[in-house]
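Residue 1 is where the sequence shown starts when you use my numbering, and the numbers rise one by one after that. Glycine included, each C-beta is placed from N, C-alpha and C at the ideal position.
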Amino acid sequence: MCDQDQFEKDRQEYEARGLVTRRQFGVLLGAGMAMMLPRVVNAVAVTDADVTVKTPDGTADCYFVHPSTGT
Numbered sequence: 001m002c003d004q005d006q007f008e009k010d011r012q013e014y015e016a017r018g019l020v021t022r023r024q025f026g027v028l029l030g031a032g033m034a035m036m037l038p039r040v041v042n043a044v045a046v047t048d049a050d051v052t053v054k055t056p057d058g059t060a061d062c063y064f065v066h067p068s069t070g071t
């Protein structure tokens with residue numbers, strides 16, 4: 001059985017049940033886009049470095065990342 005053969009029937013059944021309205025679909029779509037966009041919109045250039053931090057027990061190797069410009 002191919003999904004393409006059942007698509008129209010399934011679509012009609014879901015619409016008849018009223019499981020997802022057009023407005024709800026828009027809200028879900030908007031929420032999905034909002035979850036994806038912050039990574040791109042808030043992206044800034046960063047600088048990274050391997051650093052050694054002194055501790056009471058000796059030293060710790062660390063990875064330090066900070067914005068390249070600004071605060």
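By the three-class DSSP mapping on this structure, what secondary structure does residue i have?
i: D104; result: One cannot answer for residue 104 here, as it falls past the ends of the chain, which runs 1 to 71.
i: A43; result: coil
i: V51; result: strand
i: V20; result: coil
Could you compute how far the alpha carbon of residue i sits from the alpha carbon of residue j?
i: M75; j: G26; result: An answer regarding residue 75 cannot be provided, because it is not within the stretch 1 to 71 covered by the chain.
i: V65; j: L28; result: 34 Å
i: T55; j: Y63; result: 15 Å
i: R11; j: Q4; result: 11 Å
Against chain D, with Cβ distances strictly below 7 Å, would residue i count as a contact?
i: Y14; result: The chain inventory of the structure shown lacks chain D, comprising one protein chain alone.
Who are the near neighbours of residue i in its chain, counting only those whose CB is closer than 7 Å to its CB and skipping five residues on each side?
i: A49; result: F64
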